[in-house]
Every structure is written in structure tokens, then in C-alpha cells.
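Before any comments, here is the structure.
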Amino acid sequence: CVVDADSSQLAAVFAAKDGNSFVLQGPPGTGKSQTITNLIADYVARGKRVLFVCEKRAALDVVFHRLKQHGLEGSTALIHDSQGDKKAFIQDLRGTYEAYLAKADALAEREEERLRHVRAIERVTEQLARFDEGMQRVPPEHGVSTRGILSRLVALREQTPALSPETLEQLPPYRDFTAGEAALATVEEVLEDVGEGRCLGRHPLRLLGSEPVLADRPVAELGARITATRARLGELLTAVSDAELGGILSEETSLAVARSVMAYAVEVEELSALDQLTLLDPDHHRFRELEQRAADRERLQQAVLRTQVALAHWKQPILRGDLDDVIALAERVEGRALRFFSPAFWRVRGLFKARYDLAAHAVPPRWTRVLQALKEHYAAEDELLLADETFLGEFRHGPAPALLAQVQDLHARQAALDAAQRAFRAHLLSRGGDRRPVRRLLAVKPAFDALAAEVGPLLLAPDSMALGHLAETLDALAERAHVLRDLRPALADLISAAPRLHQAAAEFPWCSPALEAGILTAALEAIYRHDRGLLRTDGPAVEQHVARLGEATVALRGANAQVVAARVHADFGRAVARAELPAGGVADREWKRQYTRGRRELEHEFSKVMRYKSIRDLAAGDTGAVLRDLKPIWLMSPLSVSDTLPLDPSTFDVVIFDEASQITLEEAVPALFRAPQAIVVGDEKQLPPTDFFSSRQRDDEDEDEDPETTFELDADSFLNRAARSLPSTMLGWHYRSRSEALISFSNAAFYGGQLLTVPDVANTQARLPIVATRAEDATAATVLDRPVGFHLMTHGAYDKRKNPAEAEYVAHLVRSLLVDENKLSIGVVAFSEAQQGELETALETLANEDPDFRARLEAEWEREEDGQLVGLFVKNLENVQGDERDVVILSVCYGPGPKGPMRMNFGPINKSGGERRLNVVFSRAKRHMVVVSTIRGDAITNDYNDGAACLKRYLRYAEAMSVGDTAAARRTLDEATRRPRTPTLTRPDPVLEDVATALEAEGLTVDRDLGDSAFRCDLAVRVPGEPRYRLAVLLDRDGDRADQDPAERYLLRPEVLAAFGWRVTWVLAKDWHHHRDAERQRLLRLIGVPPVTPDAKNM
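Mind the numbering: the sequence shown is residues 1 to 1099 in this note's numbering, read in order.
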């Protein structure tokens, strides 16, 4: 885009990219010309050719002016008159042609620059989108968005308890709270009803487990369990006393600590039995000795394994007791020369043959070596056995590695020991490994297990209770057991719906608001831990992102325009270069010859000073291709299309029709045949085209004719036909009216409240009605002090479709406005040609009487701004469409005539579609709408006629707004709308309300959800007595769409408000929750008032 664009305008640009035709509905003031400019630029950037068609010259000039503002006039052909514009067209074409040939295009550089801006926008937009997504993300465990959590925390600010990290860890997810919220509220109501306080966490029955509550006879069940638990408790305390456990276990010890210590006692029971508890200390010499013994045994074990190879070939090894004798016998005979004669030799040989597999060796080994290896193995086994016997005697456990592994396992689990177990371990080691504490603990464990079996089902969370206090708890439960009869249904519901919430409500001494606040705080901290980016993003960070986004967006629009211009230059340059290359195929040769001839013919035309070829001839001949490369954008009227362009569907890629409701089907058809795609822009809710050939209305129509005879069907415009068969999209933002009151009636009556309009920065004030008895009563002050003024003419009279009194009053009003020199542009509209003439006559007459006014009037007729005519006009209902002025004065004209009461004949308004003619008039003003009328709305009685009923409502609306009666104006809008009014957000926003309340505490007036459309100013702040708001406060509301374009939310909406005179700031829910007082002070600085309350605590 080369011009600012909102989301609805961008949607139209994207819709055009697929090549399909569609209708673009553009209500008044929604930026049709900007959208058309962006559409044209986008097409040209994609190498397409565009034909823009509009009936009105002014609309063509506006689009051309916008293209020129962005450097695209060189690519544009503006044709008003195919003959009269011929010379200027060829001269402009020559300038473009010569400029393109004079220098190379800069497309690559321009695209690189554009890409740099695009990437900058993407980076910033991604950061804002991540923040939005984080705020609207709904974690499954909580079931509510981050923004929703912040909202509730703000609402519960006064109830939020002090929370330690340990407490936060114990709180359940927020989804548990919502699941059991109703049940918890019922529990609290029951407690309050029976006079037992309100907070479950402060009542003895909070400690009850689920089994007594869910029992069929809960009170009886509770009593039985209390009795049994008391008995087990007594047994345990007796056992503890008898065991003389000292500080290890006493009445002050909690069940959790006792269970933990006993569990550790079970773990070290075997070491205790071995009297080896000192091994629990890895630094104790006994443990180091164990490590050495285990290492020594491992060495001996390896020696056994190493010598075990000696047994490999023995079938029956020689016994240990015989081995030395056999070795001595073998040494005596082995190696002797006459060994064969020795009986000893044969005895040894027979022993080996019977017990040893000599065949397993390739070379038979020496007997002594085999026997010595066997002896070494026996010696290793004996040494290992001796070591194990010695270790068993010293450590009462064997072997050493097994005990070491067991002890090392205990050491490994040491880090996982809780505080009680670590203390018990330290106690054992401090007593030199005394095993009596372990023995005594294990002795009382059966009694403890019996108590735990009773307490578990009875109490909700008994582990934190001290053994000695358990008796008091049982007494308190017994005393309040009767309450369980009333409390049981609600408590059972809470346990069933949200057991974790029940546990939290019982554990902490908070009522439900404080409990909810605690749970929400824990949820928010968990979200921040998982999304550090969300934690870091605050208002200043968002402000910096938005500033960078704004700068990059402005830069991108400029870069886009440069790319479009460079694209046309580059495309023409490529075509010229292609035509100068050696010829290829037949088709290529023909194209090159045609393009070269076209260039020669154009250059010949450039050399002429007269007798130029017609634009049609240039567009149709060999010059046509060159012409289209130089000028891919053509702007003209439907008639000029037929006069100027050849009937060739490939001439353009798209034709865009503007003000299509003013174009008849027969006028549109020629342009449709010039392109394969059509975009039809218009507004079905405005004036249809005048039927010049209608035979159903006489030029000399009598104003007294019965109104029924003036009804006729709408003339069928091209827009109406297109809307029946093509998809459509609608522009949604209204920018023209600088006061919302100027467009609210049309928005309600014709657009169902769908237009997004900007709230007024000026607060509506009660004012006196404007009643005129003569023309001289007209003053500029009565126009400029209100956006909509109703001037009642008590002296007016309607005769022959004229009201001279209104005309004279309007003339004096125009004079007063011009004398005031406020530089506001002025338009005067009548409902008929006759009253238009009367108005012109009144102005002329007054000018003849006042030379100063004549001079001012003549200057005003021709006044221009930025090359656009903005002078005074006097028009009627049928020809004012498309015009706009700062001040629009409407002469209603109708009223009682000389023949008696007013007749219900309102000319074209009575016709079918007459209300759409009125819509045109009602939406022309940018700053002030002045209704000059002889009648009030209630004077119109033919409500069955749509046009008359619309006029009646508008007169009532204008009169109400003129005196500041917004309630009456709202009632009229509610009657006029065809859909329910866009309501104020039904779900209250605690953040919005808290910000408003904080500012109101400073003595300021704060209006909430200010505005008449879906676009609201969340908070509008003013000083009492001042007519204008000082600050618009926007909030990130819960439910804002996370997929909404961040540029529209953070950039467009504040910029629109600022353009309409607002000072705008954001307040993020995150900032308000965490830094409430700092935000309050910041808002007061922006408003420009000193704080009344020194800090948030006093609010």
C-alpha cells in the first residue's frame, strides 16, 4: 500500500489479488479513494494494467491527485475529454518516455529498501503479536486467559492475602477453583446461616476427610471414628513414653515427621542390627575401613578368577591334602633319564592319566607346572575365604562388597532425605552409631501405623498435626460434630467437584475471595515462569514497539510507491531491450517489429506541434503496446472509455468502477469488455442513478399531487446488478465526520451500526434550541458551537416547491460564516431544483446588498486547497453525491403552505429508494451539519413511506442533538436502526472499572465505553465543567482477538483518535495490576492535574 490503510481496506486489496471480480461496498467517508489508490498501486506493482472508471470528474481528479502525491503521475493517463486532452496527453507521454530512456531504472535498489522496511515491521509486529497471544492464551490447567486472571486479581486487590513461595506451591490450578466455586460459596453460606462464621478454613470441620462427610449417617460415623482414633492415639503416646525416645519422637512431633523418621528407621534397620550405624557417615574411619576391605576382597576375588584357569583340564583335581606329596613325587621323577624304571613315575603318570586331560594340549605340559598352578589356585581361594571370615567376625555381615553396596545406596539416597530424616541421621551419628533409638522407634511403629490407619480417613490433612495436639483436634471435631448435619450436602458437593480446592480451602484461613486471589496469583506466576517474554513486556516496551512500527510503516508506504514507479520504468526498459535483441521465433519477430514501429510512431508524434493522432488511434495501433507500458494506469469516465480505448479485452488486467451506483448498466458494459476482472466500488445505500428517460414523472409536477402517484421503482444501477451476482466486501472505518454525531444517524439507519466511527473529543453539552423569526437571526456561532444544529424557522412557508424564508436565512448564515473567516468549506443542499434556485437567488440578492459579502462570496465559489476545489456549492438532492464540505447547510423547504396544512408530498423522497437519497445528504458534512427547517419531525405523518419516515426520524435526531439531548437522540437511532445497537461490552471489565474509579477519586469525570459504534474509547477523561475530554485511555480488554492485526490495534486505532483531536494512552492490565500507583500517577500527568490521593492505599 502507498496510502494509509485499515484492515477492511487491506482486505479489499488482498481480495483483488486472486483475479476474481467483486463488489466493494464503500459507505460515505470510509476511504474509497484511498483504497482505490492502493488497489491501483498493488496491481501496477504486480505488472498489471488498470482502467479506473468514474462518472464524476471530481472523483477522477481525487484519485489522480493521490497517485500524484506518491510519485505515480508519470505512470497515469487522466482522460476527461478524448479530444480536448489530446495535446496534454501526448506531451505528458513524451516526458515519461524521454525520462525512462534517459536513465536506468532503480528497481533492485528500491525493492531492497522496501524489503528492509518489511522485515522491520515483521519483527515489531511479531513481538506485539506474541504479547497479545500471551495475554489471551488460556492455559488448560487454569481455564481462563492471562488477561482474565489479571482482571480478577485487580477486582480482588483488597482481598489478596500475603503469600509466601511455599504457600504458592500448595495452591491448586484455577480450573479447580472455577469447578468448585459454587459449592464453596454454598459451604460458606451454610456456615454463616448456622452462626459458625463464614470461612471454612477457620472452622474445626475443615479438617474432616471425605469418608465421614460422604457417609450415610455422617454425625454417627464421625463420632465412631473419633472414638477409635482417640484409643489408637492413647496407645501410641503410651508406647512413645515407655520407649524413652527423648527428643526423637514426642507429643510435639507431627504425624508427617513421625512417619518420615520411622521410614528412615526401617531403611537403616539392618545396619542397626549389625551395630554398624557409623557407616552412615561417609567420612567415618569405619566406612573408610569398609571401603578398604571391599577393595582387598575384590583383589583376592580377581586372583581366584585369574588362577581358576588351572582347573580347566582337570577331570578330578587332586585334593588340597594330597597335592604337596604329589608335587614332591613328580619333582623326584620328572626329568630323570631312567624314570621309566621308577615305580613313582608310573604312579604319577597313572594319576595324571586318570584325572587330567593331557590330550587337550598340543604339547603335553610338565607335571610339576600343572600341579603348581593348581596349588596357587587353592592358595588364592583359601586367602579369600580367610578374608571373608575375618570381615564377618568384625562387621557381622559378609562379604564386604555386599555391605559396601548397601551402605553406598543409603549414602546415595541421603540427598533425598527430608529435614526430619536428616536430623534423625545426625542424631544417630552424634551418639557414635548407638542403635537403641532405631530399636525403640521400630518398637512403637505398630502403634503409630494403627493410629495412621484411623486418622487417614477421618482427617483431611493430618500429617501437619502434632501428636499431642491431635487430641485437641478430636475434641474440637466432637464439639462441632452437630454442624455436619447442615454442612454435609454442600461439603460433599465441594469434595466431589474439586477435591484440591476443598483441601486448599480447609488448609488456609481465607474466605473464598482471598482464596481465589491466592490461586490466581499462583497461576500468574506460573504463566510468567513459562513465558519470560510476557513477563518482560510492559507499557513502555509496547510503546517503543509501536513507535518503531509507526516509523517503519510510514517508510514502507514511501518505499512501496517508489517500487511501483520503478517497476513501470523497469518493465518499459525490458521491453525496449527485448525489441533491440536479435529476433527469435516468428511471433517474437512480429512483436519486435510492432514494438519498434510503435516507438517510431510515438517519437514522430512527439515531434509534432499540431495535428496529433487521436488517443484512440494511439491506443489501438502499433503504438498501443508502448503506450500501455508507459501508462499502465488510465483514469476516465464511461463515455471516455468508448471514445478513447479499442474494444480489446486484453487492453487492461482489471477495470475499477467508482461511484458505481451512478453508472447505468449500459454505460458500464463498454468498460467491462476492456479487462477480464472488474472491481465495482459504490454504496447501495446511497442515491441510485437518475432516470433521464423516465416517462412517469412530469417536469412540471404539481406539489399538490397526491403522494401515491409519485412512487416509482428505483432505476437499476450497475452497482445493483453487480451486487446480485458478485461477492462483496465492505469498508468499515468512517473517517470523514470529525464528529460522531454527523454520521451516527446514517450508520444506524442504513448500515446497521456496522461502520466504525470515532467518538467525539468534545463532550455533548446541553444548549438552547435555535429558533429564528427572521433571516437576520442567522449567526456563525450557532453553527460552530455544535456538530449538528437544528434551526427552526417559525416564519417559514412552503409555496410552489420553494421556501423563501429558509433561503434568506441560509444566505445570511453563509455570510456570517464567511465573515467569521474560519476557513471552513461550505456546501448548501436543497431537496429540489426549485429550492436550489431560490437559495442561489437569495445569495445573489444578499451579495448585491453587501459589497463585502459579494467579494467574499465570489472568492469562496472558486476556493481551492492543494489543487482541489473546495469552494461553496449550492446543489440539490439529485447531484450532491460525492461532494463533501466542512459545513453542510440543508434547507428542508417543506412546510405549511398558503392553502393550509402541509401535505405529505416530499418529491423524490417519496419515491422508492428515497431514503437512500437522504443518506447522501446526511453524510456530506465533515464538521458541522446545519438543518434549516420550517417543520419539526413530528409534522410528518406518512410514516408508512420509507423516505418520509427516514426524514421524520432525522429531523427529530437533529433537533435532539442540537440541544444536547443525547437520550432522545439515542432513542431515535434505536428506532432507525435495523439491527440492535452495538451494546456496551456486557461483561464488566474490572481493570477498566478500577482505572475509572481511581481517576474519579481524583475528582475527574470518566465516561466508560464512549462511542456509538463497535469502536469505543474505553475511558474518556475530562475535568468537570470542561467541554472537551483531556485523555482517551485504551485498555487491552479480556476477549480481544489474539489474531487481530497488531498494527490496527496498537497503531491505527490510537492514530485515528489522535487525528480527531484526542490525546491517547494505553493502560495494560499487566501494568495496572503490578504498578497501579505508578500508572495512576502517569495518567494524572497526562491529564494535567495534580493527584488528590497520595498513593494507592488511600484510594
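Beta carbons are placed, not taken as given, at the ideal position from N, Cα and C, and that holds for glycine.
Beta-carbon separation (whole angstroms), residue i vs residue j, contact threshold 8 angstroms
i: A830; j: Q836; result: 4 angstroms
i: V995; j: V1033; result: 7 angstroms
i: V444; j: V268; result: No, V444 and V268 are not in contact; Cβ-Cβ is about 16 angstroms, not under 8 angstroms.
i: V921; j: L890; result: 6 angstroms
i: R293; j: A400; result: 4 angstroms
i: G1101; j: A498; result: Here the chain covers residues 1 to 1099 and nothing more, so residue 1101 does not appear.
i: V2; j: H65; result: With 8 angstroms as the limit, V2 and H65 do not qualify as a contact, their Cβ atoms being about 13 angstroms apart.
i: A805; j: M793; result: 5 angstroms
i: T56; j: V681; result: The displayed chain sequence assigns Lys, not Thr, to residue 56. Not really, about 13 angstroms apart at Cβ, beyond 8 angstroms.
i: L1086; j: T1065; result: 6 angstroms
i: Y798; j: G897; result: 5 angstroms
i: V333; j: V348; result: 6 angstroms
i: L477; j: I226; result: 6 angstroms
Residue i, buried or exposed, once every other Cβ within 10 Å from all chains shown has been counted against 16
i: A755; result: The sequence given here places Leu at residue 755; Ala does not occur at that position. By the neighbour-count rule (16 or more Cβ atoms within 10 Å), L755 is buried.
i: Q677; result: buried
i: W861; result: exposed
i: F14; result: exposed
i: V930; result: buried
i: L305; result: exposed
i: V1092; result: exposed
i: Y100; result: buried
i: H734; result: buried
i: E252; result: exposed
i: Q83; result: exposed
i: F341; result: exposed
i: E849; result: exposed
Collapsed DSSP secondary structure at residue i in the structure displayed
i: W1066; result: strand
i: W314; result: strand
i: H502; result: helix
i: V810; result: helix
i: K86; result: helix
i: Y894; result: coil
i: D886; result: strand
i: Y148; result: Residue identity differs from the one stated: residue 148 is Gly in this sequence, not Tyr. Three-state DSSP puts G148 in a helix.
i: K68; result: helix
i: I1087; result: helix
i: L846; result: helix
i: A772; result: strand
i: K875; result: strand
i: Y944; result: coil
i: L713; result: Note that L713 scores a pLDDT of 37, beneath 50, so its modelled location is shaky; the value from the coordinates is reported in the next line. Three-state DSSP puts L713 in coil, outside helix and strand.
i: S75; result: helix
i: I679; result: strand
i: S695; result: With a pLDDT of only 38 at S695, under 50, the local geometry of the prediction cannot be trusted, and no value is derived from it.
Proximity of residue i and residue j at Cβ, strictly below 8 angstroms
i: V219; j: A492; result: no
i: M904; j: G895; result: no
i: H545; j: L128; result: yes
i: I615; j: K86; result: yes
i: R435; j: S260; result: no
i: S923; j: S746; result: yes
i: D388; j: G398; result: yes
i: A748; j: A522; result: no
i: L1101; j: L384; result: In this structure the chain extends from 1 to 1099, so residue 1101 is not present and cannot be described.
i: F1100; j: L534; result: Outside the shown range of the chain (1 to 1099) lies residue 1100, about which nothing can therefore be said.
i: R885; j: L687; result: no
i: R628; j: A45; result: no
i: I36; j: I656; result: yes
i: G26; j: D683; result: yes
i: S640; j: I90; result: no
Any alpha helix (DSSP H) of 4 or more consecutive residues that is wholly inside the segment 555 to 626: Runs found: 586 to 607 and 615 to 620.
Runs of alpha helix (DSSP H) wholly within the segment 432 to 490 (minimum 4 residues, chain order): You should have 436 to 458 and 467 to 479.
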